[in-house]
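A short write-up of the structure that comes next.
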Amino acid sequence: MKTILHKADTRGHADHGWLNSYHTFSFANYQDTERMNFGALRVLNDDTVSEGRGFGAHPHQNMEIISIPLEGDLQHQDNMGNSTVIKQGDIQIMSAGTGVTHSEYNKNRDKAVQFLQIWVIPNKVNVTPRYDQISTIELQKENEIYQVLSPNKNDAGVWAHQDAWFSLGDFSKETTSNYKLHMPNNGVYAFILEGAIEIEGQKLHKRDGFGLWDVDTIEIKATKDSKILLMEVPMEF
């Protein structure tokens, strides 16, 4: 088993006033050659956007872009004709493919919105752009890991153009669970959303990231009431 640890306080940080953003991997003005990606996982941004503010229309190409709101409501618009709101409990994906333009704004005027924006390098380029959004509430399982993204159109959650599986877990204190990787050449990157987790003996706290590969199964133990995001991706792509 190989591992890499990214403590929360080692992430890149950009405070633009209306946007407070933490970067697990190199992004924009934060560049670190040792933290370019974890396999096909290219970007993991932890963003807080002020009331009524947001990202104006901007382009993307050949990337799987996943947004997971943690608090508040995020207004999305794109040149594919989508105009939606994503909120806590939702997951959104765009396959940028040949090119999309979109904007994201905090829909609320009275509170900030917090969300994760995640980029996964696809296994197919120049695909027709697409958009999908679902609520994960019906997928949730108490004290169990539940899948929210996969490569399979008919599987639980949204799907991506990559051999990637994303899962969430909401755990009570002292709960233990196992996660089995789907493919032998994949790794899994764990991101602690709330609480405290121990994975294969490594103690982790809120917003810590921990990558593991050359492993079949990992053991997860919650040492507090906790929430975790697991991102399984190919290590070679």
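If you want the working numbering, it's the position in the sequence shown, counting the first as 1, plus 209.
Note that beta-carbon positions come from the ideal geometry of N, C-alpha and C, so glycine has one too.
This structure is a prediction, so every number in the text was calculated from the model and none was measured.
Using DSSP's beta-bridge definition, name the partner residues of residue i.
i, result
"residue 255", "231 and 325"
"residue 445", "Answer by DSSP bridge pairing: none, since residue 445 is not bridged."
"residue 301", "276 and 342"
"residue 212", "421"
Leaving out five residues on either side along the sequence, give the residues of the same chain with a beta carbon under 6 Å from the beta carbon of residue i.
i, result
"residue 413", "401, 406 and 419"
"residue 221", "232 and 239"
"residue 385", "430"
"residue 350", "none"
"residue 375", "357, 358 and 440"
"residue 201", "Residue 201 cannot be examined here, being either before or after the span of the chain that is shown, 210 to 446."
Provide the residue span of the beta strand (DSSP E) that contains residue i, from first to last.
i, result
"residue 398", "395 to 403"
"residue 274", "273 to 280"
"residue 339", "339 to 344"
"residue 268", "263 to 269"
"residue 388", "385 to 389"
"residue 296", "292 to 296"
Confirm the yes/no value for this check: CB of residue i, any heavy atom of the ligand SAH, distance under 7 Å.
i, result
"residue 417", "The model depicted lacks the ligand SAH and carries no ligand whatsoever."
Does DSSP put residue i in a helix, in a strand, or in coil?
i, result
"residue 379", "strand"
"residue 218", "helix"
"residue 409", "coil"
"residue 351", "strand"
"residue 360", "coil"
"residue 370", "coil"
"residue 439", "strand"
"residue 316", "coil"
"residue 284", "strand"
"residue 424", "coil"
"residue 223", "strand"
"residue 336", "coil"
"residue 307", "coil"
"residue 432", "coil"
If distances are taken between C-alpha atoms only, which option among the options comes closest to residue i?
i, options, result
"residue 242", "234, 249 and 248", "234"
"residue 266", "308, 376 and 341", "308"
"residue 322", "422, 283, 365 and 382", "283"
"residue 255", "426, 433, 277 and 381", "277"
"residue 416", "335, 349 and 279", "279"
"residue 275", "211, 305 and 247", "305"
"residue 296", "320, 311 and 287", "320"
"residue 286", "303, 312, 270 and 271", "312"
"residue 364", "399, 343 and 411", "343"
"residue 219", "259, 212, 244 and 225", "244"
"residue 379", "225, 268, 434 and 258", "434"
Taking 8 Å as the limit between beta carbons, can you name the residues of its chain near residue i, skipping five residues before and five after?
i, result
"residue 345", "298, 299, 300, 355, 357, 366 and 377"
"residue 262", "227, 228, 314 and 315"
"residue 371", "249, 273, 329, 330, 331, 332, 360, 442, 443 and 446"
"residue 389", "425 and 426"
"residue 335", "271, 306 and 307"
"residue 383", "430, 431 and 432"
"residue 338", "289, 303, 304, 305, 306, 307, 308 and 309"
"residue 393", "425"
"residue 158", "Missing from the structure shown is residue 158; the chain here goes from 210 to 446 and no further."
Suppose the cutoff is 7 Å on Cβ atoms and the five residues either side in sequence are ignored; what does the same chain contact list for residue i look like?
i, result
"residue 264", "312 and 313"
"residue 526", "Because the chain is modelled from 210 through 446, residue 526 falls outside the range shown and cannot be assessed."
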